[in-house]
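Novice: In the numbering used here, the protein residues as written are 81 to 333. Cβ coordinates follow ideal geometry from the N, Cα and C atoms, glycine included. Since we're looking at a predicted model, the values are computed, not measured. Okay, here's the structure, questions in a sec.
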Ligand code: GLN
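Printed below as a string of structure tokens:
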């Protein structure tokens with residue numbers, strides 16, 4: 081039986097707007113394919129050997145949550161980066177995404193060092209970007225007819241991509257990384273950062289499957305594949321979210 085190991089980073093401090101639902105989605109979609117899952121919660125001070133991880137997940141958190149874990153994450157930075165270089169799959173949301181960049185300077189001027197997986201930095205602003213968001217991910221070449229991701233964003237940090245770091249997608253509705261350029265999120269190898277809460281994976285089954293398939297290929301070889309499952313409900317939810325986002329206004333407060 082195939083088995084994948086998920087490391088969930090700081091579930092106690094970094095979990096906003098249902099981010100935990102991403103773990104539920106990954107586990108459920110793996111179980112539906114008879115893939116066994118080991119799920120490890122990694123909290124501050126816990127021992128963790130990232131060589132055993134197939135997927136790491138870190139959710140969003142308020143500035144307070146980020147301050148609480150930034151130092152612990154920084155100590156693990158070298159090891160995480162080295163595994164990401166070797167293809168480790170990672171999904172990081174909002175506050176987690178910010179700390180996978182070079183730094184997050186909060187709106188009170190405090191500097192939180194990130195682990196520099198992404199060539200990006202984040203600066204806190206005095207506005208919040210709040211609302212439903214839809215992004216175009218057609219450049220990602222995922223094996224799916226869905227070419228968008230839907231979610232909900234709420235952040236004051238604005239993230240600027242540098243160098244060769246590519247965005248995950250282009251904003252169609254909402255703000256994304258800065259609210260000015262159309263960039264949303266970041267991708268480096270198999271590591272993804274995004275501002276999409278919701279949680280993001282239940283209504284974006286193609287993204288969930290892309291993460292699972294990438295992890296399977298890394299562990300079991302390039303011929304690994306995923307059995308199709310019935311996604312009619314998930315796709316209906318995805319489309320309904322797009323329709324709702326078109327009518328509901330996003331706000332800056
Ligand atoms: N504290 C960060 C910000 O507001 C992250 C928020 C979040 O994870 N939703 O920019």
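May I ask you to check if the CB of residue 235 is nearer than 7 Å to at least one heavy atom of the ligand HEM?
Specialist: Absence of the ligand HEM from the depicted structure is noted, with the ligand GLN being the only ligands included.
Novice: What do you reckon, are the CB atoms on residue 288 and residue 109 nearer than 8 Å?
Specialist: The residue labelled residue 288 in the question sits at position 208 within the chain shown. The residue labelled residue 109 in the question sits at position 29 within the chain shown. Cβ atoms of residue 288 and residue 109: closer than 8 Å.
Novice: Using the Cα positions of residue 176 and residue 313, report the straight-line distance between them to the nearest angstrom.
Specialist: Residue 176 sits at position 96 when you count from the first residue of the chain shown. Residue 313 sits at position 233 when you count from the first residue of the chain shown. Taking the straight line from one Cα to the other gives about 28 Å.
Novice: Thinking C-alpha only, which one of 242, 129, 274 is nearest residue 233?
Specialist: Here the question's residue 233 lines up with position 153 in the chain shown. Closest option to residue 233, Cα to Cα, is 274.
Novice: With a threshold of 7 Å (Cβ to nearest heavy atom), would residue 96 be considered close to the ligand GLN?
Specialist: Taking the first residue of the chain shown as position 1, residue 96 is located at position 16. At least one heavy atom of the ligand GLN is nearer than 7 Å to the Cβ of residue 96, so yes.
Novice: Which residues bound the beta strand (DSSP E) around residue 241?
Specialist: Reading the chain shown from its first residue, position 161 is the one you call residue 241. Where residue 241 is concerned, the enclosing beta strand (DSSP E) stretches over 228–241.
Novice: Does the distance from the CB of residue 87 to the CB of residue 154 come in under 8 Å?
Specialist: Translated into positions along the chain shown, residue 87 becomes position 7. Translated into positions along the chain shown, residue 154 becomes position 74. No, the Cβ-Cβ distance between residue 87 and residue 154 is not below 8 Å.
Novice: Nearest to residue 197 by CA position, among 185, 180, 138, is which residue?
Specialist: In the chain shown, residue 197 corresponds to position 117, counting from 1. When only C-alpha atoms are compared, the closest one is 180.
Novice: For residue 327, does the count of other Cβ atoms within 10 angstroms reach 16, so buried, or fall short, so exposed?
Specialist: Counting from 1 along the chain shown, the entry for residue 327 is found at position 247. Exposed is the call here.
Novice: Does the segment 277–293 come close enough to the segment 215–226 to have 3 or more Cβ pairs within less than 8 Å?
Specialist: Touching, yes.
Novice: Nearest to residue 136 by CA position, among 183, 111, 163, 112, is which residue?
Specialist: Looking up residue 136 in the chain shown gives position 56. Of the candidates 183, 111, 163, 112, the one whose C-alpha sits nearest the C-alpha of residue 136 is 163.
Novice: Need the endpoints of the beta strand (DSSP E) that residue 170 sits in, please.
Specialist: Indexing the chain shown from 1 puts residue 170 at position 90. Per DSSP, residue 170 belongs to the beta strand (DSSP E) from 169–173.
Novice: Helix or strand or just coil, what does DSSP make of residue 283?
Specialist: On the chain shown, position 203 is the one that residue 283 refers to. Residue state, collapsed to three classes: coil.
Novice: Considering Cα atoms alone, identify which of 286, 263, 160, 131 is closest to residue 317.
Specialist: Translated into the one-based positions of the chain shown, residue 317 becomes position 237. Among 286, 263, 160, 131, the Cα nearest to that of residue 317 belongs to 286.
Novice: Might you give, ordered along the chain, the residues of its own chain that have their beta carbon closer than 7 Å to the beta carbon of residue 236, omitting 5 neighbours on each side?
Specialist: Numbered from 1 along the chain shown, position 156 holds the residue referred to as residue 236. Cβ neighbours of residue 236 beyond the five flanking positions: 187, 204, 205, 207, 208.
Novice: Between which two residues does the alpha helix (DSSP H) containing residue 277 stretch?
Specialist: As a first step, residue 277 must be located in the chain shown, where it is residue number 197. It is not in any alpha helix (DSSP H) - residue 277 carries neither H nor E in the DSSP assignment.
Novice: Please look up how many angstroms separate the CB atoms of residue 277 and residue 143, rounded, as I've assumed it's under 8 Å.
Specialist: Counted from its first residue, the chain shown places residue 277 at position 197. Counted from its first residue, the chain shown places residue 143 at position 63. Contact flag wrong, Cβ pair sits at about 16 Å.
Novice: What does a CB cutoff of less than 6 Å around residue 262 pick up in its chain, not counting 5 residues either side in sequence?
Specialist: For the purposes of this step, residue 262 is taken as residue 182 along the chain shown, with counting starting at 1. The answer, listed in chain order, is 250, 251.
Novice: Mapping DSSP to helix, strand and coil, what is residue 157?
Specialist: Working through the chain shown from its first residue, we reach residue 157 at position 77. In the structure shown, residue 157 sits in a helix (DSSP, three-state: H, G or I).
Novice: Using DSSP bridges, identify the partner residues of residue 102.
Specialist: Translated into the one-based positions of the chain shown, residue 102 becomes position 22. Answer is none; residue 102 lacks a bridge partner.
Novice: Beta-carbon separation of residue 185 and residue 191 under 8 Å?
Specialist: Reading the chain shown from its first residue, position 105 is the one you call residue 185. Reading the chain shown from its first residue, position 111 is the one you call residue 191. Yes, the pair counts as a contact, with Cβ atoms nearer than the cut-off.
Novice: Less than 8 Å between the C-beta atoms of residue 282 and residue 105, yes or no?
Specialist: Counted from its first residue, the chain shown places residue 282 at position 202. Counted from its first residue, the chain shown places residue 105 at position 25. For residue 282 and residue 105, yes; Cβs fall inside 8 Å.
Novice: Smallest Cα separation from residue 213: which of 202, 309, 311, 230?
Specialist: Locating residue 213 in the chain shown gives position 133, where the first residue counts as 1. For the residues 202, 309, 311, 230, the minimum Cα distance to residue 213 belongs to 230.
Novice: I'd like to confirm the pairing. Which residues does DSSP put opposite residue 313 in its beta bridges?
Specialist: Here residue 313 is taken as the residue at index 233 of the chain shown, counted from 1. According to DSSP, which records beta bridges pairwise, residue 313 is partnered with nothing at all.
Novice: Less than 8 Å between the beta carbons of residue 270 and residue 117, yes or no?
Specialist: By 1-based counting over the chain shown, the position of residue 270 is 190. By 1-based counting over the chain shown, the position of residue 117 is 37. Taking 8 Å as the Cβ cut-off, residue 270 and residue 117 do not qualify as a contacting pair.
Novice: Using only alpha-carbon positions, find the residue among 149, 140, 256, 130 that is nearest to residue 160.
Specialist: The residue given as residue 160 occupies position 80 in the chain shown. Considering only alpha carbons, the answer is 130.
Novice: Among the residues of its own chain, which have a CB less than 7 Å from the CB of residue 167, if the five just before and after it don't count?
Specialist: Position 87 of the chain shown, counted from the start, is the residue given in the question as residue 167. Excluding residues within five positions, the ones whose Cβ falls inside 7 Å are 269, 270, 298.
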